[in-house]
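Comments concern the structure below.
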Amino acid sequence: MSASPIAAPAARPLLEVEGLAKYFATGGGLLKQASPRLRAVDGVSFSLARGETLCLVGESGCGKSTVGKLILRLMEPSAGVIRIDGVDVTLAQGEELRAYRKRVQMIFQDPFASLNPRLKAATIVGEPLENYGLFSARERNEKVTDLFARVGLRPEAAEKFPFEFSGGQRQRIGIARALALSPDLIVADEPVSALDVSVQAQVLNLLVDLRDALGLAYLFISHDLGVVEHIAHRVAVMYLGRIVEIGGKERIFDAPRHPYTQALMAAAPVADPHAKRERIVLEGDVPSPLDPPKGCAFHPRCPYAFDRCRVETPVLTPRDGGHFAACHLDEA
């Protein structure tokens, strides 16, 4: 039996995603003509273990943020299965969905827009606890104080409003709010992209420390490969709604197997000004998800495409060391 990209290396993973898809209807008009569907996510599969960080990377519009929203159940999937600890939550509703959302929280990209400007920081962080009816008022206050300390904020910050904080401090408030319900999984959608570079490093180090101390799993969505290299255990590369390569961070960065991943790595800046790297220039633009190319979606831009690539869609197949790639050129 062949290996699977959703298979975990140890016991049952915390999160399993199989064939996840999200299609959006377009057009129609008064005559209700048949219209093409926008394939934002088109058959994504992966797993995530406790204490692990899986980074989703790819160009803007590849579907990585939509994957995060589907897993949070902020969107209803068009197809596929989402399991947590082996329990199918794809169609969960009511109390079952409420219990699931307690276990899966989010850190948003914009540390200002994601905070209610009319509420004090303590209220923002304590709101999830109140919403779920956890603890007494005094115990909630103690929990909020502990969360502020855990994310590196002083106790007096609790009485301030969001506009009184810097961007990095606001994101720390967002992180504290995500931690309030003691989740198992945090979806972090570009959580440091709006911050200054020096502050990015501080927040990333905080996220790593929290992961290691609390056993958190992160689904970390980013386009910044420098950030990904710092925080990831594994990396999944998306192109036009599909995962085209997934594997351990070192293998993805040091020996990428898919031409698209190779182009991404070649385009990433390096700290050493004397380092030489072969630049791979991709021709053309990303195809429209309304009308994706037949066969491999990457073939119109791939310098190595051949006839099979134009007619047959490649699937993720095992390479070596838990590495998977969807490429006819490199099939084992």
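Positions 87 to 418 (this note's numbering) are the ones given, in order, by the sequence shown. Cβ atoms here follow ideal geometry from the backbone N, Cα and C, with glycine treated the same way.
Buried/exposed call for G105, threshold 16 Cβ in 10 Å: In summary, G105 is exposed, with fewer than 16 beta-carbon neighbours lying within 10 Å of its beta-carbon over all protein chains present.
Closest by C-alpha distance to P400, when choosing among D377, A411, Y390 and D406: Nearest in C-alpha terms to P400, of all of D377, A411, Y390 and D406, is A411.
Beta-carbon spacing of S164, Y109 below 8 Å: yes
Sequence-distant residues of its chain with Cβ nearer than 8 Å to T231 (five each side left out): Contacts found: P241 and A244.
Per-residue burial, Q195 [other beta carbons within 10 Å of its own, 16 or more giving buried]: buried
Local Cβ density within 10 Å of G144, reported as buried at 16 or more and exposed below that: buried
Coil, strand or helix - D275 by DSSP: strand
Candidates A280, S284, L300 and R337: closest to H309 by CA position: A280
Length of the line joining the Cα atoms of R405 and Q286: 34 Å
DSSP-derived helix/strand/coil call for I92: Any reading at I92 needs caution, since the residue's pLDDT is 47, under 50, leaving its predicted position unreliable; the model's value is listed next. I92 falls in the coil class under three-state DSSP.
Whether P277 touches Q255 by CB criterion (8 Å): no
Inter-residue CB distance, R79 and L368 (contact presumed, cutoff 8 Å): Lying outside 87 to 418, the shown extent of the chain, residue 79 is not represented and no answer is given.
Helix, strand or coil at L293 [DSSP, three-state]: Helix at L293.
Secondary structure of T465, DSSP reduced to three states: This structure cannot settle anything about residue 465, because the visible part of the chain is limited to 87 through 418.
Cβ-based burial, R297 [other Cβ within 10 Å; buried from 16]: buried
Given L101 as reference, the closest of L271, C141, L326 and V321 once Cα atoms are compared: When only C-alpha atoms are compared, the closest one is L271.
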